[in-house]
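Just so we're aligned, residue 1 is where the sequence shown starts under our numbering, counting upward by one.
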Amino acid sequence: MIIMQMNGLSKSFGADEILSNIKIEIKAKDRIAIVGRNGAGKSTLLKIMADELSHDVGELFKPKDLTTGYLSQHTGLESDKTIWNEMVEVFEHLLIKEQELRSLEKEMERAATLSDANYEQLLLDYDKKQQAFDDEGGYRYEADIKAVLTGLHFHDFDYNTPINELSGGQKTRLALGKLLLKKPALLILDEPTNHLDIETLAWLENYLANYPGAVTIVSHDRYFLDKTVSIVYEVSRHKTKKYHGSYSKFLEQKALDYEQELKEFEKQQNEIKKTEDFIQKNIVRASTTKRAQSRRKQLEKMDKLDKPKGDESSASFSFQINRRSGNDVLKIDDLSFQYDETPIFSNLKIHVNRGERIALVGPNGVGKTTLLKTILGQIKPTSGTIHVGTNVQIGYYDQEQQTLSSSKTVLDELWDEYPSVDEKDIRTVLGNFLFSGDDVLQSVRSLSGGEKARLSLAKLMMQQANFLVLDEPTNHLDIDSKEVLEAALMEFPGTIIFVSHDRYFINKITDQVVEMQKDGATVYLGDYDYYTEKKQEEVEIEKLQQATEVVHTQNQRKNKFKEEKIIRSQERKRQRRIDDLESIIENLENELAAIEQKMTEPEIFQDHEKSLELTKQTSKLKQEIEQLMEEWTALQE
Numbered sequence: 001m002i003i004m005q006m007n008g009l010s011k012s013f014g015a016d017e018i019l020s021n022i023k024i025e026i027k028a029k030d031r032i033a034i035v036g037r038n039g040a041g042k043s044t045l046l047k048i049m050a051d052e053l054s055h056d057v058g059e060l061f062k063p064k065d066l067t068t069g070y071l072s073q074h075t076g077l078e079s080d081k082t083i084w085n086e087m088v089e090v091f092e093h094l095l096i097k098e099q100e101l102r103s104l105e106k107e108m109e110r111a112a113t114l115s116d117a118n119y120e121q122l123l124l125d126y127d128k129k130q131q132a133f134d135d136e137g138g139y140r141y142e143a144d145i146k147a148v149l150t151g152l153h154f155h156d157f158d159y160n161t162p163i164n165e166l167s168g169g170q171k172t173r174l175a176l177g178k179l180l181l182k183k184p185a186l187l188i189l190d191e192p193t194n195h196l197d198i199e200t201l202a203w204l205e206n207y208l209a210n211y212p213g214a215v216t217i218v219s220h221d222r223y224f225l226d227k228t229v230s231i232v233y234e235v236s237r238h239k240t241k242k243y244h245g246s247y248s249k250f251l252e253q254k255a256l257d258y259e260q261e262l263k264e265f266e267k268q269q270n271e272i273k274k275t276e277d278f279i280q281k282n283i284v285r286a287s288t289t290k291r292a293q294s295r296r297k298q299l300e301k302m303d304k305l306d307k308p309k310g311d312e313s314s315a316s317f318s319f320q321i322n323r324r325s326g327n328d329v330l331k332i333d334d335l336s337f338q339y340d341e342t343p344i345f346s347n348l349k350i351h352v353n354r355g356e357r358i359a360l361v362g363p364n365g366v367g368k369t370t371l372l373k374t375i376l377g378q379i380k381p382t383s384g385t386i387h388v389g390t391n392v393q394i395g396y397y398d399q400e401q402q403t404l405s406s407s408k409t410v411l412d413e414l415w416d417e418y419p420s421v422d423e424k425d426i427r428t429v430l431g432n433f434l435f436s437g438d439d440v441l442q443s444v445r446s447l448s449g450g451e452k453a454r455l456s457l458a459k460l461m462m463q464q465a466n467f468l469v470l471d472e473p474t475n476h477l478d479i480d481s482k483e484v485l486e487a488a489l490m491e492f493p494g495t496i497i498f499v500s501h502d503r504y505f506i507n508k509i510t511d512q513v514v515e516m517q518k519d520g521a522t523v524y525l526g527d528y529d530y531y532t533e534k535k536q537e538e539v540e541i542e543k544l545q546q547a548t549e550v551v552h553t554q555n556q557r558k559n560k561f562k563e564e565k566i567i568r569s570q571e572r573k574r575q576r577r578i579d580d581l582e583s584i585i586e587n588l589e590n591e592l593a594a595i596e597q598k599m600t601e602p603e604i605f606q607d608h609e610k611s612l613e614l615t616k617q618t619s620k621l622k623q624e625i626e627q628l629m630e631e632w633t634a635l636q637e
C-alpha cells in the first residue's frame, strides 16, 4: 500500500533551485534512504514530507489519516518535565483509559448496592474497556518506555531527572526515543545517528528493522544505512534517482548504470558520426542524394542521449610526510586519568608501531577523546607514562574544530600557518578541498560544519605529519567527502590512531581495534567486522560458560539430592533395625527372666537334668542378647 507519493515536485529558495521534478514513492513497510551531497536538498525534502515546508510545483499525495513522525538533525527535547513524565506523555490516551478502568473497579466494589442487571452491565463495560486497553498496549507501555530508554543509554539515569538538566546530545536522544514510542506510520529521520555511540547504533538498527511502519532516513553513516534500508533515492543535481538494495548495492548499481549509460552514449555518438559522414559525402551526388536526405531525416528524429554526468566535483587531496618516524611511535603504560575525583580510565596499555592504523572504540564517557588529548600533551594523566617515539611528528584533527579562528577568512586561516607559501599554492590547496574563487574570502565563522571540517583537513594535510591523531574525522562530512578522506588515509605512509563512531570508516581504515574500558583496553587485530565477530564470540562463550555452570550446579544439586536420599534411606533402615533390635532384646530378656524364675522352683531345682537344660537355655539367651546389644550399640553410635 502506497502511503506517500511525490510527482514532479520542485522547491526553490528565491532564485536558488533546490529540488526539481522529484519523484518518490513510499509504501507501508518501506525502509528508504535519501542520499546525496551536503546542500543537495535532502533535509529540505524530508521537511516537505513532514509538512514542515511547502513545495512550489508538483503533487504530494498521502492519506488524510497518515501519521508521520519527524526528527530533524538539530532537534533537542526542550521540556521542564522529568524523563519519565515526558516519555509517558506519548501514552496519555492509555492513561485516561487506565483511569476509567480504576473508576469501574471502584464501582464494582460497591456492587452490593446495584441490581443484578446493573451489575451485569458493569461487568460487560469493564470487560470491554479492559480488552481495548490491552489491545492498545495498556499493559506494555511502561515496559516499552523502559526498553527504549535502556536502548538509548538512559538505563543508569534516574527517570525523575528533569530534562532541562541534560546535555544537548542527551536531549537529542530523548527526542528520538519519544518519536520511536509514538510509532507513526511514517518515521522521517534526519541524521538520527548523531550523538549515538556504537552500542546504541546497533540497538537502533535492530529497533528499526522491527519497526511496524515505514522509515525514511537521511544519514551519512553508511554502515547504519547498510543495516537498515532496502531502497535508496539519490538526490543529485536537484533530481532523484531510485535504486533497490542496501547502500553498498546502490554504489555498485550506480557505477554499473554510469558505465552502461556511457557506453550507450558513445555508441550513439559513433552512429551519429557515421551518419553525418555519410550525409556529407552523398548529399551532393544525384545518385545518392535521396538516401542522404533520408538519413538526415532519421538523424533529426533520433532521440539523442545526453552524455551521462559523473559524480559532482569532489575534494581531492592526499597526506604526505616530512620524514619517516622510528618503529616505536607511541608507548602508553598503566595510564590513568580522573576528573575531580571521578575515575575516567585506568591501567591503560597501548603500544603503537610505525604504519599501524588503530581505531579507539568504547562507550561514550570511557575517555577516548581524553586519551587523545593526553597523547597530545594538552592534559596530564593522573598516573602512568606516555612515550612518543623518535622523529614522530603529530598532526591532530579536533572534532570540535577549536583550532580554527572564527574571525579569519578561509584563505588567511591557512596562509597564516604557512606564510612562506605562495598565495597561488594556498588557493590550489583550498581548491582541492572545494574552496574556489571568492569562497576563500568568506569568514570561517560563516562556514557550515562540513566546510569547517574540510578546512581543518586542509590544515592537517599541510602539516605533513607522520603520526595522525584524529578525533571523529568524519563528523560533518557528506558521504562523498568521507570516501575521499578514506582514500587519502589508506594511501597515507605514516601511522594513525583515531576515534570514530563511523563503523564503515573504521572498516576501511583500521587494521587494529582497541576497545577502551574503565579499567584497561582490549586489542583486536582486525577491522571493525572482525571486532564485532570476536565480541559476539565472547558473548556466546560467556553464555556457554554460564550454561555449563548452570548444568554443573544442577548436576551438583541432583547428586546432592541423590546422596541425601541415600542417607535418608539408610537412616530409616538404621532406625528400623534399632527398633527391631529393641523389640527382640526385650522379648529375649522377658524369656530369660521367665526361665530364671522357673529355675528357682523346687521341682526344677532338685531335678538335675531339667536344671542343666534350663541353664544351657539361659546361657544361649544371654549370649544372643549380648550380640544383639553390641549391634544396637554400634547402630546408636
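Backbone N, C-alpha and C define an ideal beta-carbon position, used for all residues, glycine too. Computed from a predicted model, the values in this text were never measured in an experiment.
How about residue i and residue j: are their beta carbons less than 8 Å apart?
| i | j | result |
| --- | --- | --- |
| L66 | I3 | yes |
| F265 | K301 | no |
| D529 | N507 | yes |
| E491 | S318 | yes |
| L335 | P381 | yes |
| L460 | I496 | no |
| T510 | R354 | no |
| V235 | I26 | no |
| L447 | G389 | no |
| F61 | Q121 | no |
| A214 | K424 | no |
| G138 | K97 | yes |
Between residue i and residue j, what straight-line distance do the alpha-carbon atoms span, to the nearest angstrom?
| i | j | result |
| --- | --- | --- |
| P343 | V57 | 58 Å |
| K349 | A453 | 31 Å |
| I32 | G245 | 10 Å |
| R323 | G384 | 29 Å |
| H290 | I283 | His is not the amino acid found at residue 290; the sequence shown has Lys there. Going from the Cα of K290 to the Cα of I283 covers about 8 Å. |
| Q298 | Q268 | 13 Å |
| N651 | L470 | Residue numbering for the chain in the displayed model covers 1 to 637; residue 651 lies beyond these limits and cannot be assessed. |
| E259 | S248 | 17 Å |
| I394 | W415 | 20 Å |
| A594 | Q570 | 36 Å |
| N327 | H351 | 11 Å |
| A50 | Q73 | 14 Å |
| L149 | H93 | 20 Å |
| T370 | M1 | 50 Å |
| R37 | T522 | 37 Å |
| A202 | L196 | 10 Å |
| G151 | G494 | 38 Å |
Taking all protein chains shown into account, decide if residue i is buried (16 or more other Cβ within 10 angstroms of its Cβ) or exposed.
| i | result |
| --- | --- |
| G437 | exposed |
| K616 | exposed |
| E533 | exposed |
| L123 | exposed |
| V514 | buried |
| R574 | exposed |
| F224 | buried |
| S583 | exposed |
| E483 | buried |
| L489 | buried |
| D527 | buried |
| L544 | exposed |
| L525 | exposed |
So, for residue i: in the same chain, excluding its five sequence neighbours on each side, which residues have a beta-carbon less than 6 Å away from its beta-carbon?
| i | result |
| --- | --- |
| L434 | A315 |
| G69 | L179, K182, P184, L187 |
| T548 | none |
Given residue i, which residues of its chain have a CB within under 8 Å of its CB, disregarding the five upstream and five downstream residues?
| i | result |
| --- | --- |
| N164 | E78, S79, D80 |
| I18 | K11, S12, G41, T44, H238 |
| P192 | L71, L176, L204, I217, S219 |
| V539 | none |
| I604 | K598, K610, S611, L614 |
| G8 | N21, I22, K23, V57, G58, E59 |
Kindly indicate if chain B contains any beta-carbon less than 8 Å away from that of residue i.
| i | result |
| --- | --- |
| G8 | The chain inventory of the structure shown lacks chain B, comprising one protein chain alone. |
With a CB to CB cut of under 7 Å and the five nearest residues on each side skipped, what residues in its chain are close to residue i?
| i | result |
| --- | --- |
| G404 | According to the sequence displayed, residue 404 carries Leu and not Gly. Excluding sequence neighbours, L404 sits near E413, V444, K452, L455, S456. |
| E596 | T618 |
Given 8 Å, three or more beta-carbon pairs between the stretch 474-487 and the stretch 496-512:
yes
Check whether the stretch 88-107 and the stretch 194-211 are in contact - that is, three or more C-beta pairs closer than 8 Å.
no
Do three or more CB pairs link the stretch 548-560 to the stretch 385-396 at distances below 8 Å?
no
Could you say if the stretch 221-233 and the stretch 242-257 meet the contact criterion of at least three C-beta pairs nearer than 8 Å?
yes
Touching or not, the stretch 444-460 and the stretch 399-418, by the rule of three or more beta carbon pairs under 8 Å?
yes
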